[in-house]
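Participant:
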Amino acid sequence: MLAAAACLAAVLVYLQPPTPWLRRGVVHVAPDGLDAWPGSTRALAVRTIQRGVDMATAGETVLIWPGVYRETIRLRRAGSPGRPLILKAAVPGTALISGTAEPALTRSWRWISQGRRIFATRVPWRVDALRVDGGMAFRAGSPSLFDDVCQRPGAWPTFQMTSGETLRLCLPDGSSPSQHRLEINREVPARLRSGGHQVASLWVEAPYVEIRDLVFDLPVTAAIQLWNTSHVRIVGNLFSGADVAINQSSGLGPLTDVVVAHNLSHCYPLYEWRRRGWLTWQQVYPYSNCSLTWMGGRDIQVRGNIITQAGDGIKLSPVGGLNTIEANLIAYTTDDGIEFDGPAIDLAVRNNLFVDPWDSLGLSPVRQGPLRISSNVFLHSRQEPAHGNGVLLKLMGGPIHRVTVDHNLFVGHQLGWSVADSPLSDFHMHNNLLFTVQRIEEGLHELPRMGWRHNRVVRFPPMAWPRPEQGPAGLARVLGRPSTPMRLPGLVPLAIERPGPSWYRPGQEPATRALLPLLGAGWIAPP
Amino acid sequence: MIRSARFARLLAGAAGIPVALVTSLVVFRLVRRFSVDMPIEPGEFSGWGVRWGLLLAILLTSAATWGERRPASPRQLLFSQGLAALLLLALLVLAACLTTTAVHLGLLGQGWTLSSRSGMAVRLAAEIGLQWLGLPVAVGVGLRLLALRLRSPGRRPPPPPAAAGPG
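These protein sequence lines map, in sequence, to chains A and B. Those letters in the first sequence? Residues 1 to 527, by this note's numbering. Those letters in the second sequence? Residues 1001 to 1167, by this note's numbering.
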């Protein structure tokens, strides 16, 4: 009898059958829980999110209590239509899914001084990301670059991996590494192929899933990998330091019906490194992802998000369905605001506010379309030196078909720049208000092949360049009629809800402090 | 004597856990090189190893001792653990061959947008195989052990007579 009971228990432990009857629709996960517990209450919570998602069934919520969870999670339990499986923070913004190693590891390191500002130590695995007192350190690709940037005035913390797993760290303030809180990425599987993102904090491998109010902290490469899924809602999350926050580059089936709404994504201080003149654009270019999304798929909606201190803000090129990028704030990026690199089928880009991307729209290429870009506000600041930056359209090779750009407001250096191999067809620009320093045809060889009507071009001298923080009033001054309201009725202010997670206060961390004057400048207003 | 035999059998039964962990490590090592598009995290299969180890340990120890027949020897029990591991590995290899062939024949994976579809087929075979073959293999080997005992002559030795107390 005892043997039979033991066998039955072993079979149950092995098969791990769903046990929703043990709970009331909620699986509790807490750092002080135990994976052997049923997860039915906070007191009986399981310890790992992986255990929680393995137990949950359609219609259940995996409720994650505050704490740091250093896990790679594979979400393989599916929801069903009307009964999604929900992964959610019990207190929004307090459940961290971290890609960092245990803090005790870095505290145990023995550092050797290698001269002024520079220290070295042996590390147990390849370090791809390092933070010093919460701020991301710059990853130098070579010893010469490391030595160079470390000695520059205004330098930020920098690191470099040498062969033989030695980590070199530059601390420009001359302090010792032991005086700082250092965080590095966890050990990740070796890359077996080049390109794409093969490592993620959360793999979503089942349909009908919602992910809400979580913080993905320093994920190694991607935060969320949409692998073999559909009907996914990703709402109200914070992504900090992700190379791509939400990634879908390959998988077992087409990705359909995805909503990415009111999230915040940043790689602070990526933009500051260049803006403050410490690094050149070429030197920060290796960080050119740091994007909220890198997706294809069908029926994709990306709305109400804040993307700041990023490389490319959004990478999206749907392969079918109806798709929108709407009401997002994309500010301070070191590459494209949005990159459409692919078919970009039936994609509408509307009511977004772009502030200081390197260039606003990377159309390289748009192979199919139709892509409609309407009712957006693109604001660039004066930046020196001007080289391909401050433009609305970047046409960087490949065919560009069926694109309409209408009813937008643009302030920048010039309308666009293109390379010779950028054939346009069915490309229309109409009813846009364009404030530019350069002539409209400057650098844009394809202009004669664009359908061009009812656009208003206002040229202004660089000295009169209005700052985005000045709001619409600054633009009115450029027009020379401070008291005249804007001539694009219904566009400014953009009637959109405040972007970003509802629980997040812009300015609560250094990454979003620069957004505060923008949000109060009058560019956006609640509908 | 009887107590030490029991203890040895218990140890042999508990060996199911390390045997299963080694099995999961072998599968991890074999599959890792094929997992081009979705790398396997270190230790991803170890949870399965612990669960299968518990299953092996309890099922096979029960099969070795259940009933009135003479219990299986610790050596037989250890052999059964090894047999289960080898059988599972063989089945996984077979499953991997079948899925890879299915991919090459166009019966599987036509919609996959991966750089290595056959690699993914191997991985899927391993993961699904571990999940669904572990129980039948453990039960099968346990039944074999039981059948061997039922066919063998001899019954369980009677317990030693209780020592007579004073008076």
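Where is the CB? At the ideal position from N, CA and C, for every residue including glycine.
1. Report yes or no: is there a C-beta of chain A within less than 7 Å of the C-beta of B:T1113?
2. Beta-carbon separation of A:R540 and A:V46 under 7 Å?
3. For A:V199, return the contacting residues in chain B, with the cut-off set at a CB-CB distance below 8 Å.
4. By Cβ distance, which residues of its chain are closer than 6 Å to A:W503, with the 5 residues on each side in sequence left out?
5. Taking 7 Å as the CB-CB limit, is B:W1066 close to chain A?
6. Going residue by residue through the region 27 to 76 of chain A, where are the continuous alpha helix (DSSP H) segments of at least 4 residues, counting only ones entirely within it?
7. When Cβ atoms are compared, which residues of the region 243 to 255 of chain A fall closer than 9 Å to chain B?
8. Hey, could you find the ends of the beta strand (DSSP E) A:E469 is sitting in?
9. By how many angstroms is the C-alpha of B:A1095 removed from the C-alpha of B:V1027?
10. Look at A:V209 and A:G296 and say whether their C-beta atoms are less than 7 Å apart.
11. Near A:N352, which residues of its chain fall below 6 Å by C-beta distance, leaving aside the five closest residues on each side in sequence?
12. Which of the three DSSP states is assigned to A:A331 in this structure?
13. Could you tell me the alpha carbon to alpha carbon distance between B:R1149 and A:T48, rounded to whole angstroms?
14. Since A:W227 meets chain B, which of its residues come closer than 8 Å, beta carbon to beta carbon?
15. Tell me A:Q301's beta-bridge partners as DSSP assigns them.
16. Using the beta-carbon of each residue, which ones in chain A are nearer than 8 Å to B:G1049?
17. Could one say the Cβ of A:T72 lies closer than 7 Å to chain B's Cβ atoms, at least one of them?
18. Any beta carbon of chain B sitting closer than 7 Å to that of A:Y14?
19. For B:W1052 versus B:A1020, is the C-beta spacing smaller than 7 Å?
20. In whole angstroms, give me the CA-to-CA distance for A:P20 and A:M55.
21. Would a C-beta distance cut-off of 7 Å place A:S250 and B:T1113 closer than the cut-off?
22. According to DSSP, simplified to helix, strand and coil, what is A:S178?
23. Smallest Cα separation from A:P103: which of A:G115, A:R186 and A:L87?
24. To which residues of the same chain is A:G548 closer than 8 Å at the C-beta, ignoring the five residues directly before and after it?
25. Measuring only between beta-carbons, confirm whether A:P172 sits less than 7 Å from chain B.
26. Taking C-alpha atoms, which residue in B:G1134, B:V1122 and B:G1154 lies nearest to B:R1032?
27. Can you tell me whether A:A104 is helix, strand or coil according to DSSP?
28. The beta strand (DSSP E) that contains A:E272, what's its start and end?
29. Closer than 7 Å by beta-carbon distance: list the chain B residues that pair up with A:C7, in chain order.
30. Closer than 7 Å by beta-carbon distance: list the chain B residues that pair up with A:A3, in chain order.
31. Kindly list, in the order they appear in chain B, the residues whose Cβ is closer than 7 Å to that of A:A575.
32. So with Cβ pairs under 7 Å, would you call A:P189 a contact of chain B?
33. Output, in chain order, the set of chain A residues within a Cβ distance shorter than 8 Å of B:G1134.
34. What is the DSSP secondary structure of A:P365, reduced to helix, strand or coil?
35. May I have the straight-line CA-CA distance separating A:F340 from A:V366, to the nearest angstrom?
36. What is the residue span of the beta strand (DSSP E) that A:Q160 lies within?
Facilitator: Once the coordinates are examined:
1. Against the second sequence, residue 1113 of chain B aligns to sequence position 113. Yes, contact with chain A.
2. As displayed, chain A neither begins before 1 nor continues past 527, which places residue 540 of chain A out of reach and without an answer.
3. Here residue 199 of chain A is taken as the residue at index 199 of the first sequence, counted from 1. In chain order: P1039.
4. Sequence index remark: in the first sequence, residue 503 of chain A carries index 503 (1-based). Contacts found: P92 and G93.
5. In the second sequence, residue 1066 of chain B corresponds to position 66, counting from 1. Closer than 7 Å to some Cβ of chain A, the Cβ of B:W1066 qualifies, so yes.
6. 49 to 55
7. Among the residues of the region 243 to 255 of chain A, those with a Cβ less than 9 Å away from any Cβ of chain B are S249, S250, G251, L252, G253 and P254, in the order of the chain.
8. Mapped onto the first sequence, residue 469 of chain A falls at position 469. Per DSSP, A:E469 is not a residue of any beta strand (DSSP E), being assigned neither H nor E.
9. Walking along the second sequence from the start, residue 1027 of chain B turns up at place 27. Walking along the second sequence from the start, residue 1095 of chain B turns up at place 95. Whole-angstrom Cα-Cα distance: 13 Å.
10. Here the question's residue 209 of chain A lines up with position 209 in the first sequence. Here the question's residue 296 of chain A lines up with position 296 in the first sequence. A:G296 sits away from A:V209, with the two beta carbons spaced by 7 Å or more.
11. Position 352 of the first sequence holds residue 352 of chain A. Within the same chain, A:N352 has close Cβ partners N328 and N376.
12. Looking up residue 331 of chain A in the first sequence gives position 331. If DSSP states are grouped into helix, strand and coil, A:A331 belongs with the strands.
13. Sequence index remark: in the second sequence, residue 1149 of chain B carries index 149 (1-based). Sequence index remark: in the first sequence, residue 48 of chain A carries index 48 (1-based). Rounded to whole angstroms, B:R1149 to A:T48 spans 43 Å at the Cα level.
14. On the first sequence, residue 227 of chain A is found 227 positions in, with the first residue counted as 1. The contacting residues are M1038.
15. Taking the first sequence and counting its residues from 1, one reaches residue 301 of chain A at position 301. A:V259 and A:T324, per the DSSP bridge assignment.
16. Numbered from 1 along the second sequence, position 49 holds the residue referred to as residue 1049 of chain B. Under the 8 Å cutoff, chain A gives no residues; its nearest Cβ is about 11 Å from B:G1049.
17. Along the first sequence, read from residue 1 onward, the residue named residue 72 of chain A stands at position 72. Yes, its Cβ sits closer than 7 Å to a Cβ of chain B.
18. As a position in the first sequence, residue 14 of chain A is number 14, starting the count at 1. Interface residue, yes.
19. Position 52 of the second sequence, counted from the start, is the residue given in the question as residue 1052 of chain B. Position 20 of the second sequence, counted from the start, is the residue given in the question as residue 1020 of chain B. For B:W1052 and B:A1020, yes; Cβs fall inside 7 Å.
20. If you number the first sequence from 1, residue 20 of chain A lands on position 20. If you number the first sequence from 1, residue 55 of chain A lands on position 55. Spanning the two alpha carbons is a distance of roughly 8 Å.
21. Residue 250 of chain A sits at position 250 when you count from the first residue of the first sequence. Residue 1113 of chain B sits at position 113 when you count from the first residue of the second sequence. A:S250 is a Cβ neighbour of B:T1113, given a cutoff of 7 Å.
22. On the first sequence, residue 178 of chain A is found 178 positions in, with the first residue counted as 1. Correct three-state label for A:S178: helix.
23. If you number the first sequence from 1, residue 103 of chain A lands on position 103. Out of A:G115, A:R186 and A:L87, A:R186 has the C-alpha closest to the C-alpha of A:P103.
24. There is no way to answer for residue 548 of chain A, as the model of chain A reaches only from 1 to 527.
25. Taking the first sequence and counting its residues from 1, one reaches residue 172 of chain A at position 172. So no, A:P172 is outside the interface.
26. Counted from its first residue, the second sequence places residue 1032 of chain B at position 32. The residue with the shortest Cα to Cα distance from B:R1032 is B:V1122.
27. Working through the first sequence from its first residue, we reach residue 104 of chain A at position 104. Three-state result, A:A104: helix.
28. By one-based count along the first sequence, residue 272 of chain A stands at place 272. Segment L270 to R275 is the alpha helix (DSSP H) holding A:E272; no beta strand (DSSP E) there.
29. Residue numbering aside, residue 7 of chain A sits at position 7 when the first sequence is read from its first letter. Within 7 Å Cβ-Cβ: I1058, L1059 and S1062.
30. Taking the first residue of the first sequence as 1, we reach residue 3 of chain A at position 3. Under the 7 Å cutoff, chain B gives S1062 and W1066.
31. In the structure displayed, chain A extends from 1 to 527; residue 575 of chain A sits before or after that span and is not available.
32. Along the first sequence, read from residue 1 onward, the residue named residue 189 of chain A stands at position 189. Chain B, which has a Cβ nearer than 7 Å to the Cβ of A:P189, makes this yes.
33. Locating residue 1134 of chain B in the second sequence gives position 134, counting from the first residue. Below the 8 Å Cβ cutoff, chain A contributes Y14 as neighbours of B:G1134, in chain order.
34. On the first sequence, position 365 is the one that residue 365 of chain A refers to. Shown here, A:P365 sits in a strand according to DSSP, grouped into three states.
35. In the first sequence, the residue the question calls residue 340 of chain A occupies position 340. In the first sequence, the residue the question calls residue 366 of chain A occupies position 366. A:F340 and A:V366: Cα-Cα distance of roughly 6 Å.
36. Numbered from its first residue, the first sequence carries residue 160 of chain A at position 160. T158 to T162 is the extent of the beta strand (DSSP E) around A:Q160.
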